[in-house]
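Take the sequence shown: its letter number 198 is residue 198 in full-length UniProt numbering, and every next letter is one higher. Ideal Cβ positions, reconstructed from N, Cα and C, are used throughout, including at glycine. This report concerns only the one structure given below.
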Amino acid sequence: MTRTIVESKTKTAIIGFDQPFCVIGERINPTGRKKLAAELEAGDFSTVEKDAIAQVACGATMLDVNAGVVYNSNPNPNETEPPLMTRMIELVQGLVDVPLCIDSSVPAALEAGLAAAEGRPLLNSVTGEEDRLELVLPLVKKYNVPVVAISNDDTGISEDPDVRFAVAKKIVERAADFGIPAHDIVVDPLVMPIGAMATAGLQVFSLVRRLRDELGVNTTCGASNISFGLPNRHGINNAFLPMAIASGMTSAIMNPCALPTPLSKIAEKKAELEAAGIVIPEGMDDETFCRLMGLGSREARPGGEMSAIRAANFLTDNDPSGGEWIRFNRPPGVPGEGRGGRDGGRRRRRA
Numbered sequence: 001m002t003r004t005i006v007e008s009k010t011k012t013a014i015i016g017f018d019q020p021f022c023v024i025g026e027r028i029n030p031t032g033r034k035k036l037a038a039e040l041e042a043g044d045f046s047t048v049e050k051d052a053i054a055q056v057a058c059g060a061t062m063l064d065v066n067a068g069v070v071y072n073s074n075p076n077p078n079e080t081e082p083p084l085m086t087r088m089i090e091l092v093q094g095l096v097d098v099p100l101c102i103d104s105s106v107p108a109a110l111e112a113g114l115a116a117a118e119g120r121p122l123l124n125s126v127t128g129e130e131d132r133l134e135l136v137l138p139l140v141k142k143y144n145v146p147v148v149a150i151s152n153d154d155t156g157i158s159e160d161p162d163v164r165f166a167v168a169k170k171i172v173e174r175a176a177d178f179g180i181p182a183h184d185i186v187v188d189p190l191v192m193p194i195g196a197m198a199t200a201g202l203q204v205f206s207l208v209r210r211l212r213d214e215l216g217v218n219t220t221c222g223a224s225n226i227s228f229g230l231p232n233r234h235g236i237n238n239a240f241l242p243m244a245i246a247s248g249m250t251s252a253i254m255n256p257c258a259l260p261t262p263l264s265k266i267a268e269k270k271a272e273l274e275a276a277g278i279v280i281p282e283g284m285d286d287e288t289f290c291r292l293m294g295l296g297s298r299e300a301r302p303g304g305e306m307s308a309i310r311a312a313n314f315l316t317d318n319d320p321s322g323g324e325w326i327r328f329n330r331p332p333g334v335p336g337e338g339r340g341g342r343d344g345g346r347r348r349r350r351a
């Protein structure tokens, strides 16, 4: 059975077909986050610190660390990314004990992260272009780490799943030439937005099965890509993830946290209650108000996708007796009891 071992200084994460689904927290990434990018250029790592702690608290198995900031003061990422990656890796692994995923398109930044990381991180990523293979695979071999292999090459991202499978196979075979075993390759088959391609879901489910059955490799994806551009993205994501897991997908790069309730929404609700003549107790804090009104929370908490993943782990028998599902859903203040009754809803295992 294929198992990809990723380690921090003190903790081991196993990606595998017979393991609980691996959640790789995606939030430490300045792409599309102007505020975070500006903070990083200014040497402010407060958001990185908060995101690292929150994602682990919400159930992330690993954390992706991306230093892809294009500085206004110096637009050359080959100069700016390596030292920033080193600083971010050192900071994050000083705050949390989960393994890390070092994420960059700059080879020097990948090596800087590998040099700074404790344990055995996951490297993100290599693609099917020959020059990229020649740059990244020697690093994978030198540091003896697993790597994410993205199924695109010099021709770009193909809409044909057979082409994407062929690219993945090529990367696995080229890695073998460097002495890198297939169990250290985690393939990203590239999830297309279903809003743009109606067969995107079916394609990725089929691809994941082929990658498992024919190449024997673990898989990952950017989970939210499937719902890009659609309303109620969480509803699509919550359905997609268990279906992908049932098809054999073993990890995903995603946000494990629900977004905190915005202060504007809290203010709107308070104004609505006051207009109806309902008196809000003096001194009630926003967190208590959110929970009483069913508005979510101002604090970091697991998103709906995490609930879907834990349910899928249970249903695919990768959560023995449903222990993790029960702990995840146990009401506060009821130690030792889940929602299934006095025995916690445990089921007997067949002999």
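| Asked | Found |
| --- | --- |
| Extract the residue ranges of the alpha helix (DSSP H) inside the segment 294-319, only unbroken runs of 4 or more that lie entirely within it. | 304-315 |
| Give the straight-line distance between the Cα atoms of S264 and R301, rounded to the nearest whole angstrom. | 19 angstroms |
| Identify the continuous beta strand (DSSP E) that holds I171 and give its terminal residues. | Counting along the chain, I171 falls outside any beta strand (DSSP E), though it belongs to the alpha helix (DSSP H) covering P161 to D177. |
| Flag this pair as yes or no: are the beta carbons of N78 and A108 separated by less than 7 angstroms? | yes |
| Is it true that the CB of I253 sits closer than 7 angstroms to the CB of D64? | yes |
| Which two residues bound the contiguous beta strand (DSSP E) that contains E26? | C22 to I28 |
| Could you give the residue range of the beta strand (DSSP E) that holds R330? | Counting along the chain, R330 falls outside any beta strand (DSSP E), and DSSP gives it neither H nor E. |
| In chain order, what residues of the same chain lie with their CB nearer than 8 angstroms to the CB of V23, ignoring the 5 residues before and after it? | G59, A60, T61, M62, S251, A252, M254, P256, M306 and I309 |
| Do R120 and V145 come within 7 angstroms of each other at the CB atom, strictly closer than that value? | yes |
| Hey, V126 and A149 are a contact pair by Cβ (cut 8 angstroms); roughly how many whole angstroms apart? | 5 angstroms |
| Under 8 angstroms by Cβ, that's how I've got V217 and T2 pegged, so tell me the actual separation to the nearest angstrom. | 6 angstroms |
| Return yes when the Cβ of N66 is within less than 7 angstroms of the Cβ of N29, no when it is not. | yes |
| Under the assumption that A117 contacts L100 (Cβ atoms under 8 angstroms), give the Cβ distance between them as a whole number of angstroms. | 6 angstroms |
| Going along the chain, which residues of its own chain have a beta-carbon closer than 6 angstroms to the beta-carbon of G201, five neighbours each way excluded? | I194 |
| Candidates F21, D131, K141 and R209: which alpha carbon is nearest D317's? | F21 |
| Leaving aside the five residues before and after D319 along the sequence, list all residues of the same chain whose C-beta is less than 8 angstroms from its C-beta, in chain order. | P20, R310, N313 and W325 |
| For P161, count neighbouring Cβ atoms within 10 angstroms of its own Cβ and tell me buried if that reaches 16, exposed if not. | buried |
| Take E41 as the anchor and find which of I15, D18, K50 and G68 has the nearest alpha-carbon. | G68 |
| What is the rounded straight-line gap between the Cα of T12 and the Cα of H183? | 16 angstroms |
| Give me the residue from K50, R87, V106 and M88 with the minimum Cα distance to N76. | V106 |
| Hey, how far is the Cα of L207 from the Cα of L295? | 39 angstroms |
| Can you find the residues in the same chain that come closer than 6 angstroms, C-beta to C-beta, to D97, ignoring five residues on each side of it along the sequence? | S8, T10 and K11 |
| If you draw a straight line from the C-alpha of R164 to the C-alpha of M197, how long is it? | 15 angstroms |
| Where do the N-terminal and C-terminal ends of the alpha helix (DSSP H) with I102 fall, by residue? | Segment L100 to D103 is the beta strand (DSSP E) holding I102; no alpha helix (DSSP H) there. |
| By Cβ distance, which residues of its chain are closer than 6 angstroms to S151, with the 5 residues on each side in sequence left out? | R164, V167, A168, P189 and L190 |
| Using the DSSP secondary-structure output, state which residues sit across from G222 in a beta bridge. | I253 |
| Going by alpha carbons, who is nearest to V187 out of V279, L259, G128 and D154? | G128 |
| Using the C-alpha atoms, what's the distance from N238 back to L110? | 32 angstroms |
| To which residues of the same chain is V147 closer than 6 angstroms at the C-beta, ignoring the five residues directly before and after it? | L123, V126 and V140 |
| On the DSSP letters alone, give me the boundaries of the alpha helix (DSSP H) that R209 sits inside. | A200 to R210 |
| Can you tell me whether residue 364 is buried or exposed, with buried defined as 16 or more other CB within 10 angstroms of its CB? | The structure shown does not extend to residue 364, since the chain is modelled only from 1 through 351, so no value can be given for it. |
| Using a threshold of 6 angstroms, is the CB atom of Q93 nearer than that to any non-hydrogen atom of the ligand NAD? | Among the components of this structure there are no ligands whatsoever, and the ligand NAD is therefore not found. |
| With distance defined between alpha-carbon atoms, name the residue in G229, I15 and M249 nearest to R210. | M249 |
| Here's the rule I'm using: 16 or more other beta-carbon atoms within 10 Å means buried, otherwise exposed. How should G341 be labelled? | Legend: pLDDT at G341 = 40, less than 50; position of this residue unreliable, no value from coordinates given. |
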